[in-house]
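For the sequence shown, counting from 1, position 274 maps to 274 in the UniProt record's numbering; every step adds exactly one. Note that beta-carbon positions come from the ideal geometry of N, C-alpha and C, so glycine has one too. Everything on this sheet refers to the single structure shown next.
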Amino acid sequence: MPNWRDVIINKFRNQSSSFLFVYDLDFLLNEEMILNYLAEKGYLVLRYDDSITFRYIYEQKIREKEKERKLIVFANEDISLPYEFEKKALKIKIDIQIIFPKFSANVIRKINREDFDGLYRVHQSYNGKPTEQETLAYIVKHFYKIPYEIIDGEVGLYKILLSIHYQSKNIPEALVEFLYKNWNQIHAFKKLPLKDMIGSSKFFYRYLEEEWKKLVMDVSRYESGQVHDPLAIEYRSPLADGDVRRMMNDLFLEGTLEKVKGIEASNLPDWMMQGIEAKESVEDMEKKLDFLYSDILNKLSDAKRYQDWIKIIVHLAEYKHTSISMGKDHDELIKNVNQAFQSWMLKHYHSLTSLPPYPKPKLVHHIPHTINNDKANNDKVALLVLDGMSYFEWIFVRNHLKVKGFNFDEDGVFAWVPTLTSVSRQAIFSGNAPLTFGKSITTTATEEKWWKAFWEEHGVLKQYVTYQKGLGAETYDRSSIKGLSREATKVYGAVVDVIDQISHHAVLGEKSIFSQLQLWLESNYLENLLQELHQAGFTIYITSDHGNTNATGIGRISEGVLVDQRGERVRIYRDRTIYEDSAYELPAIKWPNIGLPDDYYVLLAQYGQAFVPNGQNIVTHGGISIEEVIVPFAKVDSVKGSGLE
1 MPNWRDVIIN KFRNQSSSFL FVYDLDFLLN EEMILNYLAE KGYLVLRYDD SITFRYIYEQ
61 KIREKEKERK LIVFANEDIS LPYEFEKKAL KIKIDIQIIF PKFSANVIRK INREDFDGLY
121 RVHQSYNGKP TEQETLAYIV KHFYKIPYEI IDGEVGLYKI LLSIHYQSKN IPEALVEFLY
181 KNWNQIHAFK KLPLKDMIGS SKFFYRYLEE EWKKLVMDVS RYESGQVHDP LAIEYRSPLA
241 DGDVRRMMND LFLEGTLEKV KGIEASNLPD WMMQGIEAKE SVEDMEKKLD FLYSDILNKL
301 SDAKRYQDWI KIIVHLAEYK HTSISMGKDH DELIKNVNQA FQSWMLKHYH SLTSLPPYPK
361 PKLVHHIPHT INNDKANNDK VALLVLDGMS YFEWIFVRNH LKVKGFNFDE DGVFAWVPTL
421 TSVSRQAIFS GNAPLTFGKS ITTTATEEKW WKAFWEEHGV LKQYVTYQKG LGAETYDRSS
481 IKGLSREATK VYGAVVDVID QISHHAVLGE KSIFSQLQLW LESNYLENLL QELHQAGFTI
541 YITSDHGNTN ATGIGRISEG VLVDQRGERV RIYRDRTIYE DSAYELPAIK WPNIGLPDDY
601 YVLLAQYGQA FVPNGQNIVT HGGISIEEVI VPFAKVDSVK GSGLE
């Protein structure tokens, strides 16, 4: 069945020119499936950021192969190529209007690209005018399936909003305004924070938690005889509706909604138990594992895009967290996920390099660009890189901080491969792909220089930018934090490397990691750092450069000086002939040279294996397991009670 991508792809069919320059002001080429198709057809696709970076990549990666490869350069703003390229490029323009000619282009530009498939289908049946209001009314009803005209009470509103937010449908601002305008006239909604409930999943879930807590407390008071009017409590709340309860139960099971803690639950009705935090019974935990297991397998069967893998790692982390606490085996599920993920990485990882850092980063080197794009002129920002923190460890960190009152706007982001500190962390602080720092790719000594250079290029003078590493192992001391002690600081980058140290010394595997991590969190180092950075006016972001995974040794490889860099799950070569010979001899994965210097050839250990003595079990990194590659990127929220007010 034709889809919207075909409209774009048709622009490139039967083109005789080997050098195409595409004006793509609507970010249409920033789409994995289109990029993969063009790659299969022999095109090298390159996003144009600025003339210096473009020339560097062209000279390093393209010029020698110019006659062998067809080249597409695309820009997301109205610019010109340097003259020598401009004169030989065939220019093409693509925009929203050629895909959705019957809709208002202004409306469609504000809608998430993930929704374009469904929008394209309903577009075929649209016979209205291309005005903003008619377009909005049509897609709200026919694509988002929101019967906005018949919603007249809180139960209906909650069911619709639960459905929208559970499916992770990020409602564009234009649609939020449309729904708000229609629903704000309804008397029953006058006291609700309606616009935020519609527009923000994070806000809606936090609001639900507060309303649920009020309902539980009210019912508890009734059951204990303090209140004598059950109809005024339980059955008046929209959260007591059967359909609403069933939808909320799934959110409690997967950990999206926090349960009410510290309440005597023995007298409460059975239907409330799913949302009450008691000491979880084995039966409850088994139920949670079954739910997450089925959910992960369902997502795995349909995983095609990078966003699908981020959703999988989020639930896989919860699954592993729960299974470890129960002493259950989780290896088989993680192995199955990694078989599929490895295949996807080898086929599709390259497409991430052509995607923009907005609105969210896709690769870790996008992170400073995303932060810069989000910050206002005078904002102070802090980026904390928790070195070596996988998504699994992030669950522990996040849950600990949430108990302290913090909350997070979080997503996943892909590390650079090989998942080594000198590669991926240096990419974070430079804001560049590793191919641009080939001379320093084996060290982290230049991170401060890169960090200051990035921000100076984006309008922040070096004297206002600070960088610091080696934090976390000591007792917290405000005076030792450069972002706080240097009052002129507007941009602060810091490395907290405790988790990486813990994982490298985890002789007892995962359980010792989590017990050591819990001890460190209880020292309140991270909590104090977050509180004081916020009190100093910083907007705070947390990420990691790579994760870690369990691996068993398959034997040390003895190649002497032939190998340039030896890792436990990666081997780096500078000579292509030696690399090819080793790839033939070793049980390893040949990693394509994606975003890496020309003379940097990578062999990776298979999932669950490491180049260490046979049978030795270690926790390590460097490879392409989902645990090593996808890491958290979180913005710290201001939450009452945490000191962030």
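| message | Taking the straight line between their C-alpha atoms, what separation do you get for tyrosine 601 and serine 515? | response | So the two alpha carbons sit approximately 37 Å from each other.
Item to complete: For isoleucine 263, collect the residues of the same chain with a Cβ closer than 7 Å to its Cβ; drop the 5 residues on either side in sequence, then sort them by chain order.
Response: Taken in chain order, the residues that qualify are Val216, Ser220, Ile276.
Quiz item: If you scan the stretch 458–489 from start to end, which runs of the alpha helix (DSSP H) of 4 or more residues do you find wholly inside it?
Solution: Those alpha helix (DSSP H) runs which fall completely within the stretch 458–489 and span 4+ residues are 482–485.
* Taking valine 381 as the reference, give the member of Val460, Val612, Leu90 with the closest Cα. => Of Val460, Val612, Leu90, the residue nearest in Cα terms is Val460.
Give the C-beta separation of lysine 441 and valine 423 to the nearest angstrom, bearing in mind that I take them to be a contact with Cβ-Cβ under 8 Å. A small correction: the amino acid at residue 441 is isoleucine; lysine does not occupy that position in the sequence shown. Sure, about 6 Å apart at Cβ, within 8 Å.
So, is glutamine 167 buried or exposed, given that buried needs 16 or more other C-beta atoms within 10 angstroms?
Of the other Cβ atoms in all chains shown, fewer than 16 fall within 10 Å of the Cβ of glutamine 167; this residue is therefore exposed.
message = Just to confirm my understanding: we take phenylalanine 189, look at its own chain, exclude 5 residues before and 5 after, and list those with CB closer than 8 Å. What are they?
response = Once the five neighbours on either side are set aside, the close Cβ partners of phenylalanine 189 are Glu154, Leu157, Trp183.
Nearer than 6 Å: is that true of the beta carbon of glutamate 457 relative to any heavy atom of the ligand NAP? The model on display carries no ligand, and the ligand NAP is accordingly not part of it.
Between the C-alpha atoms of phenylalanine 437 and aspartate 500, what's the straight-line distance to the nearest angstrom?
-> Going from the Cα of phenylalanine 437 to the Cα of aspartate 500 covers about 23 Å.
| said: Does the structure place the stretch 319–330 close enough to the stretch 283–291 that three or more beta carbon pairs sit under 8 Å? | reply: These segments touch.
query = With distances taken between CB atoms, is the gap from serine 351 to glutamate 32 smaller than 7 Å?
reply = A distance below 7 Å separates the beta carbons of serine 351 and glutamate 32.
Requested in this report: Within its chain, find whatever has a CB closer than 7 Å to the CB of lysine 110; leave out the 5 residues flanking it on each side and keep chain order.
Outcome: Hits under 7 Å: Pro172, Glu173, Ala174.
Is the beta carbon of serine 294 less than 7 Å from the beta carbon of glycine 547? Going by C-beta atoms, serine 294 is not nearer than 7 Å to glycine 547.
Quick check on glycine 595: buried or exposed, where buried means 16 or more other Cβ atoms within 10 Å of its Cβ? It is buried - the Cβ of glycine 595 has at least 16 other Cβ atoms within 10 Å.
Check: Nearest-angstrom Cα distance between glutamate 628 and isoleucine 57?
Finding: Cα to Cα, glutamate 628 sits roughly 27 Å from isoleucine 57.
**Study point:** Rounded C-alpha distance that separates valine 631 from aspartate 152
**Key:** Rounded to the nearest angstrom, the gap between the Cα atoms of valine 631 and aspartate 152 is 42 Å.
Between residue 656 and valine 636, what straight-line distance do the alpha-carbon atoms span, to the nearest angstrom? One cannot answer for residue 656 here, as it falls past the ends of the chain, which runs 1 to 645.
| query | Is it buried or exposed for aspartate 78, if we count other Cβ within 10 angstroms and need 16 for buried? | reply | The residue is exposed, with fewer than 16 neighbouring Cβ atoms inside 10 Å.
Buried or exposed for glutamine 426, going by 16 or more other Cβ atoms inside 10 Å?
With a threshold of 16 other beta carbon atoms within 10 Å, glutamine 426 meets it and is buried.
Less than 7 Å between the beta carbons of tyrosine 205 and lysine 195, yes or no?
Taking 7 Å as the Cβ cut-off, tyrosine 205 and lysine 195 do not qualify as a contacting pair.
#### Entry: CB contact flag (glutamine 468, lysine 490, <7 Å)
A distance of 7 Å or more separates the beta carbons of glutamine 468 and lysine 490.
Between which two residues does the alpha helix (DSSP H) holding phenylalanine 54 run?
For phenylalanine 54, the enclosing alpha helix (DSSP H) covers residues 51–57.
Using CA atoms only, rank isn't needed, just tell me which of Leu25, Lys70, Pro2, Asn36 is closest to serine 16. Ranking Leu25, Lys70, Pro2, Asn36 by Cα distance to serine 16 puts Lys70 first.
### Message
Tell me which residues share the same chain as valine 122 and place their Cβ nearer than 8 Å to its Cβ, disregarding the 5 neighbours each side in the sequence.
### Response
Here valine 122 has Tyr138, Ile139, His142, Phe143 as same chain residues with Cβ atoms under 8 Å from its own Cβ, once five neighbours each way along the sequence are excluded.
Can you tell me whether arginine 113 is helix, strand or coil according to DSSP?
The answer is helix: DSSP assigns arginine 113 an H, G or I state.
Query raised in the report: Is arginine 246 buried or exposed, if buried means 16 or more other CB atoms sit within 10 Å of its CB?
Result: Label assigned to arginine 246: exposed.
Next on the checklist: According to DSSP, simplified to helix, strand and coil, what is valine 227?
Outcome noted: Per-residue confidence for valine 227 stands at a pLDDT of 49, beneath the threshold of 50, marking its modelled position as unreliable; no derived number is given.
Exposed unless 16 or more other CB atoms sit within 10 angstroms - verdict on serine 80
Its Cβ having fewer than 16 others within 10 Å, serine 80 is exposed.
Query raised in the report: Between asparagine 76 and the rest of its own chain, which residues show a CB-CB distance below 7 Å, the 5 nearest in sequence each way excluded?
Result: Same-chain partners within the cutoff: Asp24, Leu25, Phe27, Pro356.
Rounding to the nearest angstrom, what Cα-Cα distance links alanine 415 and asparagine 338 in this structure? Rounded to the nearest whole angstrom, the C-alpha separation of alanine 415 and asparagine 338 is 16 Å.
*Tell whether a beta-carbon distance below 7 Å holds between proline 597 and leucine 435.*
Yes, Cβ-Cβ distance for proline 597 and leucine 435 is below 7 Å.
| query | Between the Cα of leucine 239 and the Cα atoms of Lys91, Asp308, Trp271, Tyr573, which residue gives the shortest distance? | reply | Measuring from the Cα of leucine 239, the nearest candidate turns out to be Trp271.
Find out if the Cβ-Cβ distance for the pair glycine 412, histidine 369 is shorter than 7 Å. Not in contact: glycine 412 and histidine 369 (Cβ atoms no closer than 7 Å).
**Request:** Would you mind giving the Cβ-Cβ distance between threonine 549 and histidine 504, rounded to the nearest angstrom? I have them listed as a contact below 8 Å.
**Result:** Not quite, the Cβ-Cβ distance comes to about 13 Å (not below 8 Å), so this is no contact.
Problem set entry | Endpoints, the beta strand (DSSP E) within which valine 619 is located | Element bounds for valine 619: 617–620.
Problem - Selection from Leu346, Ile371, Tyr43 that minimises the alpha carbon distance to isoleucine 540 - result: When each option's Cα is compared against that of isoleucine 540, the closest is Ile371.
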